[in-house]
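Worksheet: the structure to be examined is printed underneath.
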Amino acid sequence: MSVALAPGVTMKDHGLEVPLPGGKSGYFNFYWLRDNCPTSFDRQTRERTFDIFHHVREPRPASVSLSSDALEITWMEDGHTSRYSLEWLSQYSGGRRRPDPADLLRRAWYSDHYPQIARFAQPKLMEDSRAVVAWIEAMLVEGIAILTDMPDSDEALTETVRLIGHVRPTFFGEYFDVKTHINPTNLGYTAKALELHTDTPAEEMAPGVQFLHCRANSVEGGMSLFLDGVAVANDLRKECPEDFTLLSETLIPYYCEHDSYDMRSRQRVIELDERGEVSGVTISQHMADIFDLPQAFLDRYYPAFCRFGRMLQSDKYLMRFRMNAGECIVFDNHRIVHGRSAYSATSGERYLRGCYADRGEMRSAYRALTTEGRFK
Ligand SMILES: [Fe+2]
Numbered sequence: 019m020s021v022a023l024a025p026g027v028t029m030k031d032h033g034l035e036v037p038l039p040g041g042k043s044g045y046f047n048f049y050w051l052r053d054n055c056p057t058s059f060d061r062q063t064r065e066r067t068f069d070i071f072h073h074v075r076e077p078r079p080a081s082v083s084l085s086s087d088a089l090e091i092t093w094m095e096d097g098h099t100s101r102y103s104l105e106w107l108s109q110y111s112g113g114r115r116r117p118d119p120a121d122l123l124r125r126a127w128y129s130d131h132y133p134q135i136a137r138f139a140q141p142k143l144m145e146d147s148r149a150v151v152a153w154i155e156a157m158l159v160e161g162i163a164i165l166t167d168m169p170d171s172d173e174a175l176t177e178t179v180r181l182i183g184h185v186r187p188t189f190f191g192e193y194f195d196v197k198t199h200i201n202p203t204n205l206g207y208t209a210k211a212l213e214l215h216t217d218t219p220a221e222e223m224a225p226g227v228q229f230l231h232c233r234a235n236s237v238e239g240g241m242s243l244f245l246d247g248v249a250v251a252n253d254l255r256k257e258c259p260e261d262f263t264l265l266s267e268t269l270i271p272y273y274c275e276h277d278s279y280d281m282r283s284r285q286r287v288i289e290l291d292e293r294g295e296v297s298g299v300t301i302s303q304h305m306a307d308i309f310d311l312p313q314a315f316l317d318r319y320y321p322a323f324c325r326f327g328r329m330l331q332s333d334k335y336l337m338r339f340r341m342n343a344g345e346c347i348v349f350d351n352h353r354i355v356h357g358r359s360a361y362s363a364t365s366g367e368r369y370l371r372g373c374y375a376d377r378g379e380m381r382s383a384y385r386a387l388t389t390e391g392r393f394k
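In structure tokens:
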């Protein structure tokens, strides 16, 4: 069957070559064109209501016309007419990923970062969405921020999390209290030193954003230790590329086991993003399981693992500071490695209330606060 084709448009086996503004042309697949007809999307729900799975054959045009600013196709199968603006088509002609406003470049930081940590007064965040935007930016770029002037209440933490998403439970529950417990199930609940780690690596997907609201801290000791895992992993990549490859490719076992739970997962110590850049780390000596990998492989893996573990403790990376009552430190749990020095439990009170949120939800909040979206 012959197809009425506009001048300048070329029919290919499975798509059309279309002249675009600026003098270039772009190729578009028939399935893609039919699937993404503007009428495929419901304006109210903003969801796709057209279902291409209901079409039994490859969509083929019966006629194609071109105006100065739009391509129009009438489809053979159902006679439906689709109209696409050429400007809109141009965005998809090169197969480039849709720009993401939340895809901000990470900036690695080192041990001198404490005075520069982005700080936000919590009451200001509660009333000014521009401050929330700046807070999320700090989380995306540096992975850490300190909120000040937190009200001394359980609700204050929940209300603060709600600015960027929901409280994300773990198998410990929705909230956790870091203070000395009588029957501790976790080193965090003792006064002992807590070595550098990321939280709950035994979960299949460890939570993305961690909140630690300091409600009291009058003890001797108990200094907070924080470092940027991205800075350390980037240095390892330069200094020992073979070790970097081992740590970024090998899945190692993590566990968390007590009377009523037996959590297990396998994680890579160094995490890479889709561009191959370091996005973070998963590290926890108290939750690393006995490595059940071939012993001969461990001849290579253990030296790399230990080199990285020693680097984490270097003064080049480690910030040491005292958390003050009324502060809440918020950090990317897949990037920022944290710990605590030992303290004297009888010297005063130390109480941190913590919870988690989701990184995807945080990025969603950022996009919604900074961009118009496609359907307005
Ligand atoms: Fe922790």
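In terms of the working numbering, the sequence shown opens at residue 19 and continues consecutively.
Quick reminder that beta carbons are idealized off the backbone N, C-alpha and C, glycines included.
For residue i: DSSP bridge partner residues
i: Cys-258; result: Looking at the DSSP assignment, Cys-258 forms no beta bridge with any residue, so it has no partner.
i: Gly-40; result: Answer is none; Gly-40 lacks a bridge partner.
i: Asp-350; result: Val-227
i: Arg-233; result: DSSP, once it has assigned bridges, lists no residue as partnering Arg-233.
i: Met-380; result: DSSP, once it has assigned bridges, lists no residue as partnering Met-380.
i: Trp-93; result: Pro-79
i: Gln-140; result: Its beta-bridge partners do not exist; DSSP assigns none.
i: Glu-289; result: Gly-298
i: Arg-282; result: Tyr-273
i: Tyr-369; result: Ala-234
i: Thr-28; result: Glu-35
i: His-356; result: His-215, Phe-244
i: Leu-84; result: Leu-89
i: Arg-361; result: The sequence given here places Tyr at residue 361; Arg does not occur at that position. According to DSSP, Tyr-361 bridges with Gly-239.
i: Phe-59; result: Arg-66
i: Tyr-45; result: Glu-35
i: Ala-251; result: None, per the DSSP bridge assignment.
i: Ala-22; result: Ser-81
i: Tyr-374; result: Gln-228
Limits of the beta strand (DSSP E) - the one that residue i falls within
i: Leu-245; result: 242–246
i: Gln-303; result: It is not in any beta strand (DSSP E) - Gln-303 carries neither H nor E in the DSSP assignment.
i: Phe-68; result: Note, Phe-68: premise wrong, no beta strand (DSSP E); not H, not E.
i: Ala-152; result: Note, Ala-152: premise wrong, no beta strand (DSSP E); alpha helix (DSSP H) at 147–159.
i: Leu-269; result: 269–276
i: Thr-99; result: 99–103
i: Ala-163; result: 162–166
i: Leu-212; result: 212–215
i: Arg-124; result: No beta strand (DSSP E) holds Arg-124; DSSP gives it neither H nor E.
i: Phe-339; result: 337–339
Span of the alpha helix (DSSP H) around residue i
i: Cys-324; result: 313–330
i: Ala-174; result: 172–179
i: Phe-190; result: That residue, Phe-190, is in no alpha helix (DSSP H); it is neither H nor E in DSSP.
i: Phe-48; result: 48–53
Sub-9 Å separation of residue i and residue j beta-carbons
i: Ser-236; j: Ser-365; result: yes
i: Arg-371; j: Val-159; result: no
i: Met-305; j: Pro-219; result: yes
i: Gly-183; j: Met-380; result: yes
i: Tyr-193; j: Ser-111; result: no
i: Arg-325; j: Val-248; result: no
i: Val-82; j: Val-27; result: yes
i: Met-157; j: Asp-280; result: no
i: Ser-147; j: Leu-387; result: yes
i: Val-185; j: Ala-24; result: no
i: Pro-79; j: Val-21; result: yes
i: Ser-100; j: Pro-39; result: no
i: Phe-71; j: Thr-57; result: no
i: Gly-240; j: Arg-368; result: yes
i: Ala-343; j: Ala-174; result: no
i: Leu-264; j: Phe-309; result: no
i: Gly-298; j: Glu-289; result: yes
i: Lys-256; j: Tyr-128; result: no
i: Glu-90; j: His-73; result: no
i: Thr-176; j: Cys-346; result: no
i: Ser-11; j: Asp-121; result: With the chain covering only 19 through 394, there is no way to say anything about residue 11.
i: Pro-312; j: Asp-261; result: no
i: Asp-217; j: Pro-271; result: no
i: Val-250; j: Ser-302; result: no
i: Tyr-384; j: Glu-76; result: no
is_contact[residue i, chain D] using C-beta, thresh 9 Å
i: Glu-90; result: Within the model displayed, chain D is absent; a lone protein chain is all it includes.
key: Cβ contact check for the segment 229–241 and the segment 353–363: 3 or more pairs under 8 Å   = yes
key: For review: beta carbons within less than 6 Å of any heavy atom in ligand 1   = Gly-206, His-215, Asp-217, His-356
task = Would you be able to state if there are at least three C-beta pairs under 8 Å between the segment 245–261 and the segment 185–192?
result = no
query = Do the segment 120–140 and the segment 163–177 touch if we need at least three Cβ pairs shorter than 8 Å?
reply = yes
ask   = Is the segment 115–124 touching the segment 46–66, taking contact as three or more C-beta pairs under 8 Å?
value = no
ask   = Do three or more CB pairs link the segment 309–316 to the segment 205–220 at distances below 8 Å?
value = no
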